[in-house]
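Structure first, commentary second.
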Amino acid sequence: MRESGYLLSGPRVAIRHLEAEDADEYTACVRASQELHHPWISLPRTREDFTAYLQRFDGLGRKGFVICERDSGRLAAGVAINGIEYGAFRSGSLGYGAFAHAAGRGLMTEGLGLVVRHAFDALALHRLEANVQPGNEPSRRLVRRLGFRLEGLSPDFLFINGAWRDHERWAVTTEMLAGTGGAAARTGRAGADPAKRDEARPDDAIPDDAGPDHTTRAAAAGDGTGRDGAGRGDTAQSAAG
1133 MRESGYLLSG PRVAIRHLEA EDADEYTACV RASQELHHPW ISLPRTREDF TAYLQRFDGL
1193 GRKGFVICER DSGRLAAGVA INGIEYGAFR SGSLGYGAFA HAAGRGLMTE GLGLVVRHAF
1253 DALALHRLEA NVQPGNEPSR RLVRRLGFRL EGLSPDFLFI NGAWRDHERW AVTTEMLAGT
1313 GGAAARTGRA GADPAKRDEA RPDDAIPDDA GPDHTTRAAA AGDGTGRDGA GRGDTAQSAA
1373 G
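In this text, residue positions in the sequence shown follow our numbering: the first is 1133, and each later residue adds one.
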């Protein structure tokens, strides 16, 4: 069981940054999850695509994560926070995609909740947005469980699988999370040294799961990802699983 490198951990899963060494396992999981992901998202299936995807997370504006099963270290899902902006905005867009072997076990709810906590604590964000296609009911249930609120519909929001797709815009803020007691507010313990948390803060500063979903302003791993996609596709895509 891998403990080093985890940012936060819960009873069954932990989160850490996406790494170059994940290429083979990540792409194999994506290839095995095509039925789950289609038509909501498109993630990197080859080492070449994975390398290009990983390079998107070099700057402050995007962060890539994986959700891992604690007992085995096996990858359960990919997650990204895209379009991170500080100053008066302090917001980002959430994208995610569960892998088929982890779907339907509640791991995505626990793991995505940890990412939300990390975004609000270590990254000092105030608001997270997730954009979900109206027909992706598992992902809608997932974000609702995590305390997100439906803000509205964005017609023809993202170009996915050959067509412009409508997306619902879901969002959560630090105040909402503290007040609702949603899943994101209940999960997780720190896996990193609390003294190092400020390093990430710029001065200005479903069946229990859904399938892959991406969010807006960048791309991640699901029907709620970013505009250039986790692989390609949504801004805020998501596939819960």
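We put the beta carbon where it would ideally sit given N, CA and C, even for glycine. No experiment lies behind these values; they were computed from the predicted model shown.
Residue i bridges to which residues according to DSSP?
i	result
residue 1197	1149, 1211
residue 1217	1223
residue 1160	Paired residues: none, contrary to the question.
What three-state label does DSSP hand residue i in the structure shown?
i	result
residue 1279	coil
residue 1182	helix
residue 1205	coil
residue 1154	helix
residue 1343	Any reading at residue 1343 must be qualified, since the residue scores a pLDDT of 36, below 50, and its modelled position is unreliable; the value itself is stated next. Reduced to three states, the DSSP call for residue 1343 is coil.
residue 1192	coil
residue 1308	helix
What do you reckon, are the CB atoms on residue i and residue j nearer than 8 Å?
i	j	result
residue 1158	residue 1207	yes
residue 1301	residue 1290	no
residue 1149	residue 1196	yes
residue 1309	residue 1279	yes
residue 1229	residue 1192	no
residue 1261	residue 1212	no
residue 1199	residue 1243	yes
residue 1188	residue 1179	no
residue 1171	residue 1263	no
residue 1202	residue 1146	yes
residue 1214	residue 1205	no
Give me the Cβ distance between residue i and residue j, rounded to the nearest whole Å; I'm assuming they're in contact under 8 Å.
i	j	result
residue 1224	residue 1254	So it is not a contact: roughly 12 Å between Cβ atoms.
residue 1221	residue 1161	At roughly 33 Å, the Cβ-Cβ gap does not stay under 8 Å, so residue 1221 and residue 1161 are not in contact.
residue 1140	residue 1249	6 Å
residue 1258	residue 1306	6 Å
residue 1241	residue 1285	So it is not a contact: roughly 24 Å between Cβ atoms.
- Item | beta strand (DSSP E) runs contained entirely in the stretch 1236 to 1305, provided each spans 3 or more residues | Runs found: 1259 to 1264, 1281 to 1292, 1295 to 1305.
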